[in-house]
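Okay, so here's the structure we're looking at.
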Amino acid sequence: MTPTEPRLTSLAHGGGCGCKLSPGVLRDILAGTPQAAVFADLMVGNESSDDAAVWRLNDQQALVATTDFFMPVVDDPFDFGRIAATNALSDVYAMGGRPILALALVGMPVDVLSTGTVGRILAGGAAVCAEAGIPVAGGHSIDSVEPIYGLVALGLVHPDRVLTNRGARAGDVLILTKGLGVGVLSAALKQERLDAAGHATLIASTTQLNAVGADLAEAAGVHAMTDVTGFGLLGHALEMARGSGLGIEIEAGAAPLLDGVEALARDGVRTGASGRNWAAYGEAVTLPDGFEAWRRDLLTDPQTSGGLLISVSSDAAQAVVATVRAAGFDRAAVVGRVVEGAGVRVI
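Numbered according to our numbering, the sequence shown terminates at residue 350, and the numbering increases by one at each position without gaps.
Spelled out as structure tokens, the structure:
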């Protein structure tokens, strides 16, 4: 970014996964679209709001296909590219797949940002893809009012090891691999209230690849998985509950938080998306009496490049937590359980 260029976050009305359409609006838009289940080799489509589509290629391989893009959540162009790429690849890992290549999606206000700045965004994305062991093999670019960057991500998984958000079983426990609060930290950044330590925490969490998801596809006892992104922990837990035809209990005090997030949330820092999330699905969530608003905001906080939510049999949970922590997710914790019933209950 040149000295004369504006902050990246100042060019966007929202940032990261916080600029996703709210669950209610998305549900209304998709209500009239045809389902794709008539294709015999389409293993996962849009029927359960899963993380990616999955197409059976043969008895040994299935193609995982997804796309994700958004507006800046940070001001450094290289970090913006890294975060967007990490977030996009997460959908492949959340299905138990391993990425094979990516395509870049680029929309930039070319009369506002220099070609050097745009190049740094793309370089950040390419750096993450190199870390994942894949190329950025092409893409598409347009001139847009707000800066937008993301990826089309393709991966492979064995057809028998695809993990969806529909496979949870009653009695399973739920494991979350990353701390919550990315939305709060990004809001504080936009308000110029985020200190250096908070900024470092934000970058570290959002650029940590969820590559452990591919290993979990082969782990005993893992029944379902999704990544926690724009709809917050409660929203993505609700998708898992509905997809599996069961209920979910979340232990509010067990959900890990990123450093500094609780103090900011208590001080009123929140995203508009957290409120939109609650308005969209709050009728399906039961909260304890007297539950503080800031705590609810953290459970609906949009997570850009958030962690994996894993449904695993209780006897395998300890081994899965150990696997995830050994992969570098030191905040991984059991945050709830799958029960008979419907909806989500916070306890």
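Cβ coordinates follow ideal geometry from the N, Cα and C atoms, glycine included.
This one's a predicted model, so the numbers in the text were calculated from it and none came from an experiment.
Comparing alpha-carbon positions, which option in Ala105, Ala15 and Leu237 lies nearest Glu134?
Along the sequence shown, one-based indexing puts residue 134 at 131. Here the closest residue by C-alpha is Ala105.
Do you know whose CA, among Ile145, His202 and Asn90, lies nearest Gly127's CA?
Numbered from 1 along the sequence shown, position 124 holds the residue referred to as residue 127. Of the listed residues, the one whose Cα sits closest to Gly127 is Asn90.
Looking at C-beta atoms only, is the number of pairs between the segment 155-175 and the segment 283-297 that lie closer than 8 Å three or more?
Too few Cβ pairs lie closer than 8 Å, so no.
With distances taken Cα to Cα, identify the nearest neighbour of Ser144 among Gln64, Gly344 and Tyr152.
Taking the first residue of the sequence shown as 1, we reach residue 144 at position 141. When only C-alpha atoms are compared, the closest one is Tyr152.
Less than 8 Å between the CB atoms is what I'm expecting for Thr232 and Gly346, so what's the real figure, rounded?
The count along the sequence shown starts at 1 and reaches residue 232 at position 229. The count along the sequence shown starts at 1 and reaches residue 346 at position 343. About 20 Å; that fails the 8 Å criterion.
Thinking C-alpha only, which one of Ser52, Val67, Pro9 and Asp54 is nearest Asp44?
As a position in the sequence shown, residue 44 is number 41, starting the count at 1. The residue with the shortest Cα to Cα distance from Asp44 is Val67.
So who's on the other strand from Phe294, going by DSSP bridges?
As a position in the sequence shown, residue 294 is number 291, starting the count at 1. According to DSSP, Phe294 bridges with nothing at all.
Mind checking His239: buried by the 16 CB within 10 Å criterion, or exposed?
On the sequence shown, position 236 is the one that residue 239 refers to. Burial call: buried.
Identify the continuous beta strand (DSSP E) that holds Gly346 and give its terminal residues.
Start at 1 with the first residue of the sequence shown, and residue 346 comes out as number 343. First-last of the beta strand (DSSP E) with Gly346: Gly346 to Val349.
What residue does the beta strand (DSSP E) around Arg334 start on, and which one ends it?
Here residue 334 is taken as the residue at index 331 of the sequence shown, counted from 1. First-last for Arg334: undefined, no H or E at that position.
Are Asp230 and Leu179 touching if we call contact CB-CB under 8 Å?
To locate residue 230, count along the sequence shown from 1; it is residue 227. To locate residue 179, count along the sequence shown from 1; it is residue 176. No, these two residues do not count as a Cβ contact at 8 Å.
Between Val337 and Val349, how many whole angstroms is the CB-CB distance? I'm expecting something under 8 Å.
Start at 1 with the first residue of the sequence shown, and residue 337 comes out as number 334. Start at 1 with the first residue of the sequence shown, and residue 349 comes out as number 346. Val337 to Val349, Cβ: 15 Å. No contact.
So what's Leu212 in DSSP terms, helix, strand or just coil?
Translated into the one-based positions of the sequence shown, residue 212 becomes position 209. Correct three-state label for Leu212: coil.
State buried or exposed for Asn61, treating a residue as buried only when at least 16 other CB atoms are found within 10 Å of its CB.
Position 58 of the sequence shown, counted from the start, is the residue given in the question as residue 61. Exposed.
For Ile137, which residues of its own chain have a beta-carbon under 7 Å away from its beta-carbon, when the five flanking residues on both sides are left out?
For this step, residue 137 is matched to residue 134 along the sequence shown. Correct list, in chain order: Pro102, Ile103, Leu104 and Ala105.
Between Phe294 and Ala130, what straight-line distance do the alpha-carbon atoms span, to the nearest angstrom?
Indexing the sequence shown from 1 puts residue 294 at position 291. Indexing the sequence shown from 1 puts residue 130 at position 127. Their Cα atoms are separated by approximately 42 Å.
Just the C-alpha distance for Ile124 and Ser117, rounded to the nearest angstrom, thanks.
Numbered from 1 along the sequence shown, position 121 holds the residue referred to as residue 124. Numbered from 1 along the sequence shown, position 114 holds the residue referred to as residue 117. Rounded to the nearest angstrom, the two C-alpha atoms are 11 Å apart.
Check Thr303 in the structure and name its three-state DSSP category.
Here residue 303 refers to the residue found at position 300 when the sequence shown is read from its first residue. Looking at Thr303 - three-state DSSP - the assignment turns out to be helix.
In three-state terms, what does DSSP make of Ala325?
The residue labelled residue 325 in the question sits at position 322 within the sequence shown. In the structure shown, Ala325 sits in a helix (DSSP, three-state: H, G or I).
Would you kindly work out how many angstroms separate the C-alpha atoms of Arg328 and Ser93, rounded to a whole number?
For the purposes of this step, residue 328 is identified with residue 325 of the sequence shown, where counting begins at 1. For the purposes of this step, residue 93 is identified with residue 90 of the sequence shown, where counting begins at 1. Between Arg328 and Ser93, the C-alpha separation is close to 17 Å.
Can you grab the Cα-Cα spacing for the pair Ser355 / Gly339, in whole Å?
With the chain running from 4 to 350 in the structure shown, residue 355 is simply not present.
Given this structure, state the Cα-to-Cα distance separating Glu343 from Asp198, to the nearest angstrom.
One-based indexing of the sequence shown puts residue 343 at position 340. One-based indexing of the sequence shown puts residue 198 at position 195. Distance between the alpha carbons of Glu343 and Asp198: 44 Å.
Is the CB-CB distance between Thr70 and Val139 below 8 Å?
Counting from one through the sequence shown, the residue named residue 70 turns up at place 67. Counting from one through the sequence shown, the residue named residue 139 turns up at place 136. No, Cβ-Cβ distance for Thr70 and Val139 is not below 8 Å.
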